[in-house]
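Since the structure comes first, as structure tokens, the remarks are kept for the end.
Numbering (this note's numbering), first residue to last: 102 to 279.
Right under this line is the structure:
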């Protein structure tokens with residue numbers, strides 16, 4: 102029986118964070134994956150305090166003191182939904198992923214949507230109506246610490262057809278759920 106058809110069987114894979122730099126597709130993938138798995142999608146950008154959004158809108162990168170309260174909100178949002186949820190959150194550093202997991206107090210699977218600087222830069226240039234300017238992409242790539250083998254994480258190359266991205270994530274979650 103497919104996990105997508107039956108709902109998730111365990112807490113181990115019912116709390117998912119789609120992570121990666123801005124423009125990697127967290128929202129697009131999150132909405133589609135949520136529909137496929139029967140889980141709500143929460144956009145982590147909606148959890149930023151107004152000060153963070155204003156700072157990024159001015160092309161100023163966030164520092165850790167800006168991020169800690171936001172990461173706590175991400176963890177709280179993920180923990181508050183007993184049946185599980187998917188949250189889109191950059192979670193660029195391991196310490197950020199650890200903070201989210203501590204806030205949740207239950208297993209969290211991180212799905213790293215990985216792509217090249219060129220591909221993501223092109224996507225950002227084509228995107229309109231978002232507060233995150235393309236000028237901050239380099240600082241995000243500089244901060245990015247891809248998940249290590251000892252983290253509960255899945256890495257997906259975003260330079261492939263959208264349906265293959267979703268299928269890859271679902272298969273990997275099914276493997277973790279065994």
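Beta carbons: idealized from backbone N, C-alpha and C, even for Gly.
Note to self: Please report the distance separating the alpha-carbon of residue 173 from that of residue 262.
What the structure shows: Mapped onto the chain shown, residue 173 falls at position 72. Mapped onto the chain shown, residue 262 falls at position 161. Going from the Cα of residue 173 to the Cα of residue 262 covers about 33 Å.
Next item on the list: Mind checking who residue 189 pairs with in its DSSP beta bridge?
Entry: The count along the chain shown starts at 1 and reaches residue 189 at position 88. DSSP output for residue 189 lists 119, 144 as bridge partner(s).
Checklist line | 4-residue-minimum alpha helix (DSSP H) runs that sit fully inside the segment 206-271, ordered along the chain | finding: 218-227, 238-244
Margin query: For residue 217 and residue 238, what's the separation of their Cα atoms in angstroms?
Written below: Numbered from 1 along the chain shown, position 116 holds the residue referred to as residue 217. Numbered from 1 along the chain shown, position 137 holds the residue referred to as residue 238. For residue 217 and residue 238, the distance between alpha carbons rounds to 11 Å.
Item checked: Same chain only: Cβ atoms within 7 Å of residue 125, ignoring 5 sequence neighbours per side -> In the chain shown, the residue the question calls residue 125 occupies position 24. Result list for residue 125: 214, 216, 221, 259, in chain order.
Check: In chain order, what residues of the same chain have a beta carbon less than 6 Å from the beta carbon of residue 144, not counting five sequence neighbours either side?
Finding: Working through the chain shown from its first residue, we reach residue 144 at position 43. Here the set comprises 128, 189.
Checklist line | Integer-rounded CB distance, given that residue 192 should sit under 8 Å from residue 118 | finding: The residue given as residue 118 occupies position 17 in the chain shown. The residue given as residue 192 occupies position 91 in the chain shown. Correct: roughly 6 Å between the Cβ atoms.
Next item on the list: Using a threshold of 8 Å, state whether the C-beta atoms of residue 267 and residue 130 are closer than that.
Entry: Translated into the one-based positions of the chain shown, residue 267 becomes position 166. Translated into the one-based positions of the chain shown, residue 130 becomes position 29. Yes.
Margin query: Comparing C-alpha positions only, which one of 274, 150, 160 sits nearest to residue 167?
Written below: Within the chain shown, residue 167 is the residue found at index 66, counting from 1. Ranking 274, 150, 160 by Cα distance to residue 167 puts 150 first.
Check: Between residue 271 and chain D, is there a C-beta pair that is closer than 8 Å?
Finding: Checking the listed chains, one finds no chain D in this structure; it contains a single protein chain.
Checklist line | Proximity below 8 Å, CB of residue 176 to CB of residue 115 | finding: Here residue 176 refers to the residue found at position 75 when the chain shown is read from its first residue. Here residue 115 refers to the residue found at position 14 when the chain shown is read from its first residue. For residue 176 and residue 115, no; Cβs fall outside 8 Å.
Item checked: Simplified DSSP state of residue 89, which is helix, strand or coil -> With the chain covering only 102 through 279, there is no way to say anything about residue 89.
Check: Distance, Cα to Cα, residue 241 vs residue 122?
Finding: Counted from its first residue, the chain shown places residue 241 at position 140. Counted from its first residue, the chain shown places residue 122 at position 21. Cα to Cα, the separation comes out at about 6 Å.
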